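S.K.: Let me begin by handing over the structure; questions about it come next.
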Amino acid sequence: MKLYNGGKIIAGMVAFLIAVTFPFWYGRGKTVSPPDLKLDTPTIEQLKEKRCVEPAAYMRASHMKLLVAWREGAVREGIRSYTATDGRAFQVSLTGTCLGCHSNKDKFCNRCHDYTGSKPACWSCHIIPEEVR
Amino acid sequence: MKNLGISLFAIAVLVTVSVGATSAGWSGLLTIVIPYAALAVFLIGFVTRVFRWTKSPVPFRIPATCGQQASLPWIRRNPLDCPSSLAGVIGRMFMEVFLFRSLFRNTEMEIAGQRPVYGSAKWLWFFGLLFHWSLLIIVVRHLRFFLEPIAAWVNTLAAIDGFFEIGSPTLYLTDAALLAGLTFLFFRRAVAPRLRYISLVTDYFALLLIMGVATTGLLMRHFFPADLLAVKNLALGWVTFAPTIPKGVGPVFSIHLLFVCALLAWFPFSKLMHMGGVFLSPTRNLANDNRMNRHVNPWNAPVKVHTYEEYEDEFRDKMKLAGLPLEKE
Ligand code: HEM
Numbered sequence: 001m002k003l004y005n006g007g008k009i010i011a012g013m014v015a016f017l018i019a020v021t022f023p024f025w026y027g028r029g030k031t032v033s034p035p036d037l038k039l040d041t042p043t044i045e046q047l048k049e050k051r052c053v054e055p056a057a058y059m060r061a062s063h064m065k066l067l068v069a070w071r072e073g074a075v076r077e078g079i080r081s082y083t084a085t086d087g088r089a090f091q092v093s094l095t096g097t098c099l100g101c102h103s104n105k106d107k108f109c110n111r112c113h114d115y116t117g118s119k120p121a122c123w124s125c126h127i128i129p130e131e132v133r
Numbered sequence: 134m135k136n137l138g139i140s141l142f143a144i145a146v147l148v149t150v151s152v153g154a155t156s157a158g159w160s161g162l163l164t165i166v167i168p169y170a171a172l173a174v175f176l177i178g179f180v181t182r183v184f185r186w187t188k189s190p191v192p193f194r195i196p197a198t199c200g201q202q203a204s205l206p207w208i209r210r211n212p213l214d215c216p217s218s219l220a221g222v223i224g225r226m227f228m229e230v231f232l233f234r235s236l237f238r239n240t241e242m243e244i245a246g247q248r249p250v251y252g253s254a255k256w257l258w259f260f261g262l263l264f265h266w267s268l269l270i271i272v273v274r275h276l277r278f279f280l281e282p283i284a285a286w287v288n289t290l291a292a293i294d295g296f297f298e299i300g301s302p303t304l305y306l307t308d309a310a311l312l313a314g315l316t317f318l319f320f321r322r323a324v325a326p327r328l329r330y331i332s333l334v335t336d337y338f339a340l341l342l343i344m345g346v347a348t349t350g351l352l353m354r355h356f357f358p359a360d361l362l363a364v365k366n367l368a369l370g371w372v373t374f375a376p377t378i379p380k381g382v383g384p385v386f387s388i389h390l391l392f393v394c395a396l397l398a399w400f401p402f403s404k405l406m407h408m409g410g411v412f413l414s415p416t417r418n419l420a421n422d423n424r425m426n427r428h429v430n431p432w433n434a435p436v437k438v439h440t441y442e443e444y445e446d447e448f449r450d451k452m453k454l455a456g457l458p459l460e461k462e
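Those protein sequence lines, which keep their order, are chains A and B.
Taken in order, the first sequence gives residues 1 to 133; the numbers are from my numbering.
Taken in order, the second sequence gives residues 134 to 462; the numbers are from my numbering.
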């Protein structure tokens, strides 16, 4: 079997294979554990039932939908209170409500956002309580 | 129409398989077995196919060029479109692979009155380029699921792509561009009668499959959020060879993933192999140096020749006797 320009083509193929399998090289020998999301804030510790605004599974995937709905409601229609599916009432506020319970933004929101590569651009306007103090 | 129908049917089958397998509790098959299998088929298939091409000899330079070749010093030459050196060839290949230069020359012929009239046709080039670049950027952006910590350049790329911060989560410009490109490429085939006539199942299927991938991806990002924490755990599991079956990633993700696996597994057997093939195009990757170097056909049969010198050696005495002129006494 004769190969024509075999050297160049094999070099190209090796480069291609290395590039395509890059994530495997990057992750070689590592054992990555998912981020440790801390729920041990003072406010949450005091809760009788450790529940979020909506069920945790919904929050994990869809909290941005909820927040956007809150924002649109508050800014455009002046709706300042939200009744959760289980009947509890919450004040519509990113800083006050979410960060009221999750006051450890660095160890909760940020850890997950860094892990999944999402960069919510809210904090150029909205306040992070710890940072003001 | 039949070809389009078959392609749509194949897409529907993939969706059904994905939804069916999820509800039958075969998530492991869908999220671990099939992805690894698809990647293996892609890598092995791709390399095998290129090796098959390596066995075809390319004896001669094919001067299908678009410029004046290097000849006499006072004739102005075109070093990029008719290169005679390696550097020129690299330049031409670069323009071809990254900017689709030969597609830029696409023309359109119409009969005006009795005569053919040629005009430039740049739409295919424009949307083709838009589509391919967007696809590349989207695939690179997806590395955020496969790398931990996420490499800085992946985040930078995402930040540039979402620069305008339209909506929440941000609309990526490449997503819009990809859909625009795909829509054009699809309607070009489906609407123009001459193109519909030459379009086969694979032509439609390639476009529809990538459209399916893009649509499910956009649905996940903007309408039915998937649990990206679980997705990233899954993807990191793949690359560290310790995958775990994710819980609750949602049906849209399952469809997205099966589409991607189908794309990977089908790739080496399809016209999508032009990804590797473009580098081996003889009209693009060979310098036009036919007038400078002699290229010998490698499969020339050994011809038995009897040169004049040998002839003279053989008959020198007799020729001398007959008084014939000789080259060598
Ligand atoms: C050929 C390969 C692929 C293509 C063309 C593709 C295309 C897309 C597109 C266009 C989007 C919309 C949002 C964005 O651009 O980020 C998207 C989102 C997404 N893709 Fe893919 N995808 C591919 C492979 C994969 C793979 C292998 C996975 C599995 C880890 C995956 C998981 C996701 C997820 C989870 C989202 C939602 C992201 C979000 O909500 O922000 N994709 N995809």
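Heads up, the beta-carbon is just placed ideally off N, CA and C, and yes, glycines get one too.
All values reported here derive from a predicted model rather than from experimental measurement.
(1) Give the DSSP bridge partners of B:Met-242, in chain order.
(2) In angstroms with no decimal places, state the Cα-to-Cα distance between A:Gly-87 and A:Ala-56.
(3) Where DSSP assigns a beta bridge to B:Ala-323, which residues make up the other side?
(4) Assuming B:Pro-302 and A:Ser-118 are in contact, meaning their beta carbons sit under 8 Å apart, how far apart are those beta carbons, in whole angstroms?
(5) Under 8 Å Cβ to Cβ from B:Leu-276, same chain only, skipping five residues before and after it: list those, please.
(6) If you follow the beta strand (DSSP E) that A:Thr-83 is in, where does it begin and where does it stop?
(7) Should B:Gly-410 go down as buried or exposed, given a rule of 16 or more other Cβ atoms within 10 Å for buried?
(8) At 7 Å on the CB atoms, spell out the chain B contacts of A:Phe-24, in chain order.
(9) When the Cα of A:Glu-77 is compared with those of A:Cys-125, A:Gly-6, A:His-126, A:Val-92, which residue comes out closest?
(10) What are the boundary residues of the alpha helix (DSSP H) that includes B:Phe-237?
(11) Does any CB atom of chain A fall closer than 9 Å to the CB of B:Leu-390?
(12) To be precise: take each residue of the segment 91–111 of chain A, compare its Cβ to all Cβ atoms of chain B, and keep it if any distance is under 8 Å. Which residues remain?
(13) Tell me, please, whether the CB atom of B:Asp-308 is closer than 9 Å to any CB atom in chain A?
(14) Under the three-state reduction of DSSP, which class applies to B:Ala-284: helix, strand or coil?
(15) Whose Cβ in chain B lies nearer than 7 Å to the Cβ of A:Arg-60?
(16) Mind pulling the chain A residues with CB within less than 7 Å of B:Phe-279?
(17) From what residue to what residue does the alpha helix (DSSP H) around A:Phe-134 run?
(18) Give the interface partners of A:Leu-17 over in chain B, defined as CB-CB distance under 9 Å, in chain order.
(19) For A:Thr-70, report the span of its alpha helix (DSSP H) as first-last.
(20) For B:Ile-388, collect the residues of the same chain with a Cβ closer than 6 Å to its Cβ; drop the 5 residues on either side in sequence, then sort them by chain order.
(21) Return yes when at least one heavy atom of the ligand HEM lies under 8 Å from the C-beta of B:His-389, else no.
(22) Tell me which residues share the same chain as B:Thr-289 and place their Cβ nearer than 7 Å to its Cβ, disregarding the 5 neighbours each side in the sequence.
(23) Count the other C-beta atoms from every protein chain shown that fall within 10 angstroms of the C-beta of B:Leu-328, then say buried if there are 16 or more, exposed otherwise.
(24) Please name the residue in B:Arg-322, B:Leu-340, B:Leu-341, B:Ala-339 whose C-alpha comes closest to that of B:Ser-332.
(25) Would B:Val-372 and A:Phe-24 qualify as a contact pair, given that the criterion is a beta-carbon distance under 9 Å?
(26) So A:Ser-118 contacts chain B; which residues on that side make the cut at Cβ distance below 8 Å?
(27) Hey, would you say B:Leu-454 sits closer than 9 Å to B:Glu-445, going by beta carbons?
M.R.: Taking the structure as given:
(1) On the second sequence, residue 242 of chain B is found 109 positions in, with the first residue counted as 1. Its beta-bridge partners are B:Tyr-251.
(2) What you label residue 87 of chain A is simply residue 87 of the first sequence in a count that begins at 1. What you label residue 56 of chain A is simply residue 56 of the first sequence in a count that begins at 1. Taking the straight line joining both Cα atoms gives about 16 Å.
(3) Here the question's residue 323 of chain B lines up with position 190 in the second sequence. Paired residues: none, contrary to the question.
(4) Taking the second sequence and counting its residues from 1, one reaches residue 302 of chain B at position 169. Taking the first sequence and counting its residues from 1, one reaches residue 118 of chain A at position 118. About 7 Å; that satisfies the 8 Å criterion.
(5) Residue mapping note: residue 276 of chain B aligns to position 143 of the second sequence, counting from 1. Result list for B:Leu-276: Ile-283, Ala-284, Val-287, in chain order.
(6) Taking the first sequence and counting its residues from 1, one reaches residue 83 of chain A at position 83. Segment 81–83, the beta strand (DSSP E) holding A:Thr-83.
(7) Counting from one through the second sequence, the residue named residue 410 of chain B turns up at place 277. Classification of B:Gly-410: exposed, given that the 10 Å Cβ count is below 16.
(8) Position 24 of the first sequence holds residue 24 of chain A. What A:Phe-24 touches in chain B: Val-372.
(9) The residue you call residue 77 of chain A lines up with position 77 of the first sequence. Ranking A:Cys-125, A:Gly-6, A:His-126, A:Val-92 by Cα distance to A:Glu-77 puts A:Val-92 first.
(10) As a first step, residue 237 of chain B is located in the second sequence; it is residue number 104 there, counting from the start. Taken as a continuous stretch (DSSP letters only), the alpha helix (DSSP H) holding B:Phe-237 covers 234–237.
(11) The residue given as residue 390 of chain B occupies position 257 in the second sequence. No, B:Leu-390 does not count as interfacial toward chain A.
(12) none
(13) On the second sequence, residue 308 of chain B is found 175 positions in, with the first residue counted as 1. No, because no Cβ of chain A sits closer than 9 Å to the Cβ of B:Asp-308.
(14) As a working mapping, residue 284 of chain B is identified with position 151 in the second sequence. Note: B:Ala-284 maps to coil in three-state DSSP.
(15) What you label residue 60 of chain A is simply residue 60 of the first sequence in a count that begins at 1. Neighbours of A:Arg-60 on chain B, chain order: Asp-360, Leu-362.
(16) The count along the second sequence starts at 1 and reaches residue 279 of chain B at position 146. Those within 7 Å of B:Phe-279 in chain A are Pro-23.
(17) Absent from the structure is residue 134 of chain A, since the part of chain A shown begins at 1 and ends at 133.
(18) Locating residue 17 of chain A in the first sequence gives position 17, counting from the first residue. Leu-176, Phe-179, Val-180, listed in chain order.
(19) If you number the first sequence from 1, residue 70 of chain A lands on position 70. What sits at residue 70 of chain A in the sequence shown is Trp, not Thr. 56–72 is the span of the alpha helix (DSSP H), which, as asked, contains A:Trp-70.
(20) Within the second sequence, residue 388 of chain B is the residue found at index 255, counting from 1. Contacts found: Val-148, Ser-151, Thr-349.
(21) Counting from 1 along the second sequence, the entry for residue 389 of chain B is found at position 256. Yes, the ligand HEM has a heavy atom inside 8 Å of this Cβ.
(22) Residue numbering aside, residue 289 of chain B sits at position 156 when the second sequence is read from its first letter. No residues qualify anywhere along the chain.
(23) As a position in the second sequence, residue 328 of chain B is number 195, starting the count at 1. The residue in question, B:Leu-328, is exposed, as its Cβ has fewer than 16 Cβ neighbours within 10 Å.
(24) Residue mapping note: residue 332 of chain B aligns to position 199 of the second sequence, counting from 1. Here the closest residue by C-alpha is B:Arg-322.
(25) Position 239 of the second sequence, counted from the first residue, corresponds to residue 372 of chain B. Position 24 of the first sequence, counted from the first residue, corresponds to residue 24 of chain A. In contact: B:Val-372 and A:Phe-24 (Cβ atoms closer than 9 Å).
(26) Numbered from 1 along the first sequence, position 118 holds the residue referred to as residue 118 of chain A. By Cβ distance, chain B contributes Pro-302, Leu-361.
(27) Along the second sequence, read from residue 1 onward, the residue named residue 454 of chain B stands at position 321. Along the second sequence, read from residue 1 onward, the residue named residue 445 of chain B stands at position 312. It is not a contact, given that the beta carbons lie outside the stated cut-off.
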